[in-house]
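Trainee:
Numbering (the working numbering), first residue to last: 214 to 546.
#1: Measure how close the beta-carbons of residue 386 and residue 361 come, nearest whole angstrom, since I'm counting them as under 8 Å.
#2: How big is the Cα-Cα spacing for residue 335 and residue 374?
#3: Taking residue 465 as the reference, which of 459, 450, 458 has the closest Cα?
#4: Please determine if the region 286-300 and the region 341-349 are in contact, where contact requires at least 3 C-beta pairs separated by less than 8 Å.
#5: Among residues of its own chain, excluding the 5 on either side of residue 501, which ones have a beta-carbon nearer than 8 Å to its beta-carbon?
#6: DSSP three-state call for residue 420: helix, strand or coil?
#7: Using CA coordinates, which residue listed in 504, 444, 427, 442 is at the minimum distance from residue 436?
#8: Leaving out the 5 sequence neighbours to the left and right, which residues in its chain are closer than 7 Å to residue 368 when beta-carbon positions are compared?
#9: Could you tell me which uninterrupted alpha helix (DSSP H) segments, each at least 4 residues in length, are contained entirely in the region 277-311, listed from first to last along the chain?
#10: Please report how far the alpha carbon of residue 454 lies from the alpha carbon of residue 498, in whole angstroms.
#11: Here's the rule I'm using: 16 or more other beta-carbon atoms within 10 Å means buried, otherwise exposed. How should residue 483 be labelled?
#12: Alpha carbons only, please: which of 420, 414, 391 is nearest the one belonging to residue 397?
#13: Can you tell me which of the three DSSP states residue 255 falls into?
#14: Assign residue 250 to buried or exposed, taking buried as 16 or more other Cβ atoms, counted over all protein chains shown, within 10 Å of its Cβ.
#15: For the alpha helix (DSSP H) that residue 386 lies in, which residues bound it at each end?
#16: Hey, out of 402, 485, 337, 224, whose CA is closest to residue 508's CA?
#17: Would you list the one or two residues that DSSP bridges to residue 354?
#18: Measuring only the C-alpha atoms, how far is residue 260 from residue 474?
#19: Helix, strand or coil: how does DSSP classify residue 403 here?
#20: Can you list, in chain order, the residues of its chain with a C-beta nearer than 6 Å to that of residue 235? Leave out the 5 residues immediately preceding and following it.
#21: When DSSP labels each residue in this structure, what does residue 459 get in the three-state scheme?
#22: By Cβ distance, which residues of its chain are closer than 8 Å to residue 372, with the 5 residues on each side in sequence left out?
#23: Excluding five sequence neighbours on each side, which residues of the same chain lie with their C-beta closer than 7 Å to the C-beta of residue 243?
#24: Could you spell out the range, first to last residue, of the beta strand (DSSP E) harbouring residue 449?
#25: Verify whether the separation of the beta carbon atoms of residue 443 and residue 417 is less than 8 Å.
#26: Looking only at its own chain, which residues have a Cβ that is under 6 Å from the Cβ of residue 516, when we skip the five neighbours before and after it?
#27: Scan the region 490-519 and note each continuous alpha helix (DSSP H) run of 4 residues or more that stays entirely inside, going in chain order.
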């Protein structure tokens, strides 16, 4: 494209999005009871969002009167986001600590909380404080490089259970905490061959991201998972294995789309997180939860929607496995 004022052929799609909303829908499709605390304007976009929110509860959303609902436009080429433009600040600003406190009962009753980095810092802190008071686990999804360090304020990063930054967000967090980040080209060079464990291990030993991760585990006894998403390279996982009481690091290969064409990468990370979390809530172990997360991410890659309806099938299988496990356990008594 040239800066000439011309028009260019393309395809335009309207869909629901947003990190927190994607997680709410994905978890709902996976059979979890999911509630989204958010803010919307008093407009047609809010009505559209409600009509698409059939698998999760959005009834507690704050109505930001006089503001338009949060909107994001991405320009995609070959399934990858090239540019993004957002208009979210006005409505998101109405997600105040007071609004969070008003919904404290929901936080008290939930099993797990996922925080979107778009929230104002004081709202993030209020969620963290309430989660700590009610002994609830928190997952922080940084969302954007400009918002990744919000979790560092008031030492909130020392109170979370999981975090899932991408490579750019991780670099920002590293530098804010005084670590030297690794250029993404180095990840591309050393992690492109997951089967060469010697090369991968040697590279990871010297990565600032890994040193930061291990230090975070040492400082935060609640921390269980750090997932650094690396696009087509997969995910760098750091996990506290409760059985051995050791922190382990390992690369997670990207999901394979096989012969099918990747339509959009937007939403794949949210679906991985949701698949992993849903599997954990259903009682699966760490390794199995990672595989279910990868399966959900693969489904997202194959559709223009950030959260595909095919996650319903994965959710049905999770429920079937749970029922079978309970039935087997009952038979043993």
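Backbone N, C-alpha and C define an ideal beta-carbon position, used for all residues, glycine too.
Mentor: Considering the structure as presented:
#1: Taking the chain shown and counting its residues from 1, the one referred to as residue 386 is at position 173. Taking the chain shown and counting its residues from 1, the one referred to as residue 361 is at position 148. Contact holds; Cβ gap of about 5 Å.
#2: In the chain shown, the residue the question calls residue 335 occupies position 122. In the chain shown, the residue the question calls residue 374 occupies position 161. Cα to Cα, the separation comes out at about 19 Å.
#3: The sequence position of residue 465 within the chain shown is 252, counting from 1. Shortest Cα-Cα distance from residue 465 to any of 459, 450, 458 involves 450.
#4: no
#5: Numbered from 1 along the chain shown, position 288 holds the residue referred to as residue 501. For residue 501, where only same-chain residues beyond five positions count, the Cβ hits under 8 Å are 492.
#6: Numbered from its first residue, the chain shown carries residue 420 at position 207. The answer is coil: DSSP assigns residue 420 none of H, G, I, E or B.
#7: Taking the first residue of the chain shown as 1, we reach residue 436 at position 223. Answer by Cα proximity: 427.
#8: Stepping through the chain shown from its first residue, residue 368 is reached at position 155. Hits under 7 Å: none found.
#9: Complete alpha helix (DSSP H) runs here, min 4: 302-305.
#10: Start at 1 with the first residue of the chain shown, and residue 454 comes out as number 241. Start at 1 with the first residue of the chain shown, and residue 498 comes out as number 285. Going from the Cα of residue 454 to the Cα of residue 498 covers about 10 Å.
#11: Along the chain shown, one-based indexing puts residue 483 at 270. By the beta-carbon neighbour count (other beta carbons within 10 angstroms, threshold 16), residue 483 is buried.
#12: Taking the first residue of the chain shown as position 1, residue 397 is located at position 184. The shortest Cα separation from residue 397 among 420, 414, 391 belongs to 420.
#13: For this step, residue 255 is matched to residue 42 along the chain shown. Residue 255 falls in the coil class under three-state DSSP.
#14: As a first step, residue 250 is located in the chain shown; it is residue number 37 there, counting from the start. The residue in question, residue 250, is buried, as its Cβ has 16 or more Cβ neighbours within 10 Å.
#15: The residue you call residue 386 lines up with position 173 of the chain shown. That run of the alpha helix (DSSP H) goes 380-389.
#16: Looking up residue 508 in the chain shown gives position 295. Among 402, 485, 337, 224, the Cα nearest to that of residue 508 is on 485.
#17: Translated into the one-based positions of the chain shown, residue 354 becomes position 141. Paired residue(s): 329.
#18: By 1-based counting over the chain shown, the position of residue 260 is 47. By 1-based counting over the chain shown, the position of residue 474 is 261. Cα to Cα, residue 260 sits roughly 32 Å from residue 474.
#19: To locate residue 403, count along the chain shown from 1; it is residue 190. In the structure shown, residue 403 sits in a helix (DSSP, three-state: H, G or I).
#20: Along the chain shown, read from residue 1 onward, the residue named residue 235 stands at position 22. Only 480, 483, 519, 520 meet the Cβ criterion.
#21: On the chain shown, residue 459 is found 246 positions in, with the first residue counted as 1. If DSSP states are grouped into helix, strand and coil, residue 459 belongs with the strands.
#22: Here residue 372 corresponds to residue number 159 of the chain shown, with the count starting at 1. When the five nearest sequence neighbours on each side are left out, the beta carbons in the same chain lying within less than 8 Å of the beta carbon of residue 372 are those of 341, 344, 345, 351, 433, 435, in order along the chain.
#23: The residue labelled residue 243 in the question sits at position 30 within the chain shown. If we look at residue 243 and ignore the five residues flanking it on each side, its Cβ neighbours are 487, 488, 491, 524, 527, 528, 531.
#24: In the chain shown, the residue the question calls residue 449 occupies position 236. Element bounds for residue 449: 448-454.
#25: To locate residue 443, count along the chain shown from 1; it is residue 230. To locate residue 417, count along the chain shown from 1; it is residue 204. Judged by beta-carbon spacing, residue 417 lies beyond the 8 Å limit of residue 443, meaning their Cβ atoms are not closer than that value.
#26: As a working mapping, residue 516 is identified with position 303 in the chain shown. Here the set comprises 476.
#27: 499-514
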